[in-house]
Amino acid sequence: MENQQLISLVQGCLAHNGSATVALWDEVLRIGRNVFANSGFDAEEVKDFVHEKAEKLIFPCVLPSEGNVRAYIVQVFKNLKMEKWRTRSRNNVVSLDTLAYTDETGAESTVLELIMNPSKEPTDSWLRTTELRQALEACFSKMGSLQAAVLRLSIIEALRNTEIAEMLGVSKTSVETAKFHGRERLITLLKRNYNIRESD
Numbered sequence: 001m002e003n004q005q006l007i008s009l010v011q012g013c014l015a016h017n018g019s020a021t022v023a024l025w026d027e028v029l030r031i032g033r034n035v036f037a038n039s040g041f042d043a044e045e046v047k048d049f050v051h052e053k054a055e056k057l058i059f060p061c062v063l064p065s066e067g068n069v070r071a072y073i074v075q076v077f078k079n080l081k082m083e084k085w086r087t088r089s090r091n092n093v094v095s096l097d098t099l100a101y102t103d104e105t106g107a108e109s110t111v112l113e114l115i116m117n118p119s120k121e122p123t124d125s126w127l128r129t130t131e132l133r134q135a136l137e138a139c140f141s142k143m144g145s146l147q148a149a150v151l152r153l154s155i156i157e158a159l160r161n162t163e164i165a166e167m168l169g170v171s172k173t174s175v176e177t178a179k180f181h182g183r184e185r186l187i188t189l190l191k192r193n194y195n196i197r198e199s200d
């Protein structure tokens, strides 16, 4: 559907035209499904996500009645997709669980636990969660920009390789390569500059 047609439908919806509202509803759902295509969510999840957002856009209508309405709708659903990616299971986070931090009391925590769980801090330790995040950022600053971006999105945001590739506009292979070399670099920097070692 052309953008001008969308504008006409939005104007009709704002004027409480029933047929325009139904047509706009169908088009918004179609755009939303297209944005979520091949996103890794199952069909029922996508249906729920898209319907819920479409209802908020149309009942009552909050869509712009001028400008590039299609681009606006696409961006709304892209933002929604990113939000859902960030709140989903973190099972696909880059593996740093071979790295462990041992504090002065002998208590051990994996780097991943410290990064992901602010309440899990080493007892009586200088390396608190915020400091570990700062350490990671310091390590990222010593890497190439792609490696740093990939690891930041993978570790902190818990995104999958395909999701990172789409977000950065690069191939999945580029993401996998950057993650592999970046992880090796990160391990080296953490071991060299902080009291972090590889666990047995």
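Under the working numbering, the very last position in the sequence shown is 200; numbers go up by exactly one each time.
Every residue gets a Cβ at the ideal spot worked out from N, C-alpha and C, and that includes glycine.
Source: prediction; values computed, not measured.
- Counting the other Cβ atoms within 10 Å of the Cβ of Val62 gives fewer than 16, which makes it exposed.
- Rounded to whole angstroms, the gap between the alpha carbons of Ala135 and Leu190 is 8 Å.
- Beta-bridge pairing by DSSP links Ile58 to Cys61.
- The DSSP-derived three-state label of Met82 is helix.
- Apart from sequence neighbours up to five positions away, no residue of its chain approaches Arg133 with a beta-carbon distance below 6 Å.
- Looking at the backbone, the Cα of Phe77 and that of Glu166 are separated by about 14 Å.
- Taking a C-beta distance under 8 Å as the contact criterion, Val74 and Asn3 do not qualify as a contact pair.
- Counting the other Cβ atoms within 10 Å of the Cβ of Asn161 gives 16 or more, which makes it buried.
- The beta carbons of Gly169 and Met143 sit about 19 Å from each other, so the pair does not count as a contact at 8 Å.
- With 16 or more neighbouring CB atoms inside 10 Å of its own CB, Phe140 falls in the buried class.
- Under the DSSP assignment, Lys172 falls in the alpha helix (DSSP H) whose first and last residues are 172-193.
- One Cα belongs to Trp25, the other to Ala54, and the distance between them is close to 7 Å.
- Counting only the Cα atoms, Lys172 lies some 38 Å from Leu9.
- With respect to the C-alpha of Lys84, the residue from Arg30, Ala15, Asp42, Glu184 having the closest C-alpha is Asp42.
- Here DSSP, grouped into helix, strand and coil, assigns Lys53 to helix.
- Nearest C-alpha to Glu52 among Ser65, Lys81, Ser39: Lys81.
- C-alpha of Ala20 to C-alpha of Val150: approximately 43 Å in a straight line.
- In this structure Val46 does not touch Phe59 by the C-beta definition: roughly 20 Å separates them, more than the 8 Å allowed.
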